[in-house]
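Chemist:
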Amino acid sequence: MLRDTLLGLMAVMSLAMPIMPLAAHAAHTGGPKNAARIAELKQEIFALAETFKGQGDPDFSRQRAFEPLITELLRLNPQPPIADRLPVLAGAWRQVWGPYDYRSNGARGVDPATDPDRIYQVVFPEGFYVNVAPSDVRDRGATRDIVLLKGEYQVATVDPDMLQVRFVRFTKTEQAKAKQGLWQLAAQSADQTLDNQSTILPGFLVRLFFGGGGLREVYTDDTMRITYGARDLTDRSDEFIYIMRRMD
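Here this note's numbering is used: the first residue of the sequence shown is -12, the next is one more, and so on.
1) How far does the alpha helix (DSSP H) with Thr58 in it extend, from its first residue to its last?
2) Would you list the one or two residues that DSSP bridges to Asn118?
3) With Gly199 as the anchor, note down where its beta strand (DSSP E) starts and where it stops.
4) Which residues bound the alpha helix (DSSP H) around Leu195?
5) Please classify Val181: does DSSP put it in a helix, a strand, or coil?
6) Below 7 Å between beta carbons: does that hold for Val152 and Tyr140?
7) Between Ser238 and Lys159, is the Cβ-Cβ spacing less than 7 Å?
8) Throw me the rounded Cβ distance for the Ile230 and Trp84 pair, which I believe falls under 8 Å.
9) Any contact of the stretch 28 to 38 with the stretch 46 to 56, i.e. 3+ C-beta pairs under 8 Å?
10) Within 10 Å of its beta-carbon, does Pro189 have 16 or more other beta-carbons around it, so buried, or fewer, so exposed?
11) Return helix, strand or coil for Gln30, following the three-state DSSP convention.
12) So what does Trp170 bridge to, in DSSP terms?
13) For the putative contact between Gly200 and Asp219, defined by C-beta atoms under 8 Å, what is the C-beta separation to the nearest angstrom?
14) Under 8 Å, with one C-beta from each stretch per pair, do the stretch 66 to 76 and the stretch 97 to 108 reach the 3-pair mark?
15) Per DSSP, Gly78 is paired with what?
16) Could you give the residue range of the beta strand (DSSP E) that holds Glu161?
17) Using CA coordinates, which residue listed in Gly41, Ile187, Asp132 and Arg49 is at the minimum distance from Ile32?
18) Buried or exposed for Phe115, please, with buried defined as at least 16 other CB atoms from any protein chain shown within 10 angstroms of its CB.
19) Rounded to whole angstroms, what is the Cα-Cα separation between Val236 and Lys20?
20) Please name the residue, chosen from Arg233, Thr207, Ile228 and Gly216, that lies closest to Pro65 on a Cα-to-Cα basis.
21) Can the beta-carbon of Gln162 be found less than 7 Å from the beta-carbon of Ile133?
22) Hey, Val117 and Lys137 are a contact pair by Cβ (cut 8 Å); roughly how many whole angstroms apart?
23) Does the Cβ of His15 have 16 or more other Cβ atoms within 10 Å, making it buried, or fewer, making it exposed?
24) Taking only heavy atoms of the ligand FAD into account, decide whether any of them is closer than 6 Å to the Cβ of Asp98.
25) Ala217 by DSSP, collapsed to three states: which one?
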């Protein structure tokens, strides 16, 4: 029961800084013709993600709909290993479409506490990230808490695009007292200067119940991030795609 409750809270955190300047993108686009098609593909991917927003994916059909677009995008704009893309990865990202529920043991549904328009991940170059999202507090009506889940990452050895992650801290603050955009709370949470921040679960229990997994970062540039999350670094059968847009 405790594990189900914790995973339910994690649903709104479904992915893991002061925002750093972007590094130059290392991949070559192959000239203006490719650049135009790359821009078109990115818009198509974002548009498709918007049509799926707030929807689950029990049969993987929505995830599969992205595959031909991503395949073409990577053909035109091949990506260097994630170790070389870490400066580009750093910053604040909003989830356009991705997982909305972790309680249903792989059913890939939607938790009603989730606000699909406000799920963020802020990646810090120091090797950690913070997931930020509001969550319904059902016993207080429409009141929402903002939950913040901190994870640590390192480049994995099993795949040149893979980040190995583990969760280390789970906190919250009250939305009514937050005076900034949700993603802007991540840096204050990370250095523990966020007003009204309280612990949801002690760190050792976060590591025990939440564990970690992998983020397979297949595409990153100045506006778009495409990554696949999974609990196992080598088993891709349960991967869930995240389509993410950089925050300005």
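Ideal Cβ placement from N, Cα and C applies to all residues, glycine included.
Modeler: Straight from the coordinates:
1) Taking the sequence shown and counting its residues from 1, one reaches residue 58 at position 71. First-last of the alpha helix (DSSP H) with Thr58: Ser48 to Leu63.
2) Locating residue 118 in the sequence shown gives position 131, where the first residue counts as 1. Gln108 and Leu136.
3) The residue you call residue 199 lines up with position 212 of the sequence shown. Counting along the chain, the beta strand (DSSP E) containing Gly199 begins and ends at Gly199 to Thr207.
4) One-based indexing of the sequence shown puts residue 195 at position 208. Gly190 to Phe196 is the extent of the alpha helix (DSSP H) around Leu195.
5) Sequence index remark: in the sequence shown, residue 181 carries index 194 (1-based). Note that residue 181 is Leu in the sequence shown here, rather than Val. Three-state DSSP puts Leu181 in coil, outside helix and strand.
6) For the purposes of this step, residue 152 is identified with residue 165 of the sequence shown, where counting begins at 1. For the purposes of this step, residue 140 is identified with residue 153 of the sequence shown, where counting begins at 1. Taking 7 Å as the Cβ cut-off, Val152 and Tyr140 qualify as a contacting pair.
7) As shown, the chain starts at -12 and ends at 235. That puts residue 238 outside it, with no answer to give.
8) Within the sequence shown, numbered from 1, the residue matching residue 230 stands at position 243. Within the sequence shown, numbered from 1, the residue matching residue 84 stands at position 97. Confirmed, about 5 Å.
9) yes
10) Here residue 189 refers to the residue found at position 202 when the sequence shown is read from its first residue. Label assigned to Pro189: exposed.
11) The residue given as residue 30 occupies position 43 in the sequence shown. The answer is helix: DSSP assigns Gln30 an H, G or I state.
12) The residue you call residue 170 lines up with position 183 of the sequence shown. Paired residue(s): none; Trp170 is not in a bridge.
13) The residue labelled residue 200 in the question sits at position 213 within the sequence shown. The residue labelled residue 219 in the question sits at position 232 within the sequence shown. Correct: roughly 7 Å between the Cβ atoms.
14) no
15) By 1-based counting over the sequence shown, the position of residue 78 is 91. Answer is Val110.
16) Sequence index remark: in the sequence shown, residue 161 carries index 174 (1-based). Where Glu161 is concerned, the enclosing beta strand (DSSP E) stretches over Met149 to Glu161.
17) What you label residue 32 is simply residue 45 of the sequence shown in a count that begins at 1. Considering only alpha carbons, the answer is Arg49.
18) The count along the sequence shown starts at 1 and reaches residue 115 at position 128. Buried, by the Cβ-count rule.
19) Nothing about residue 236 can be reported from this structure: the residues present for the chain run from -12 to 235 only.
20) As a first step, residue 65 must be located in the sequence shown, where it is residue number 78. Among Arg233, Thr207, Ile228 and Gly216, the Cα nearest to that of Pro65 belongs to Thr207.
21) In the sequence shown, counting from the first residue as 1, residue 162 sits at position 175. In the sequence shown, counting from the first residue as 1, residue 133 sits at position 146. Contact: yes.
22) Residue mapping note: residue 117 aligns to position 130 of the sequence shown, counting from 1. Residue mapping note: residue 137 aligns to position 150 of the sequence shown, counting from 1. Right, the Cβ-Cβ distance comes to about 5 Å (below 8 Å), so this counts as a contact.
23) Here the question's residue 15 lines up with position 28 in the sequence shown. Per-residue confidence for His15 stands at a pLDDT of 48, beneath the threshold of 50, marking its modelled position as unreliable; no derived number is given.
24) This structure lacks the ligand FAD; in fact it carries no ligand of any kind.
25) Taking the first residue of the sequence shown as 1, we reach residue 217 at position 230. If DSSP states are grouped into helix, strand and coil, Ala217 belongs with the strands.
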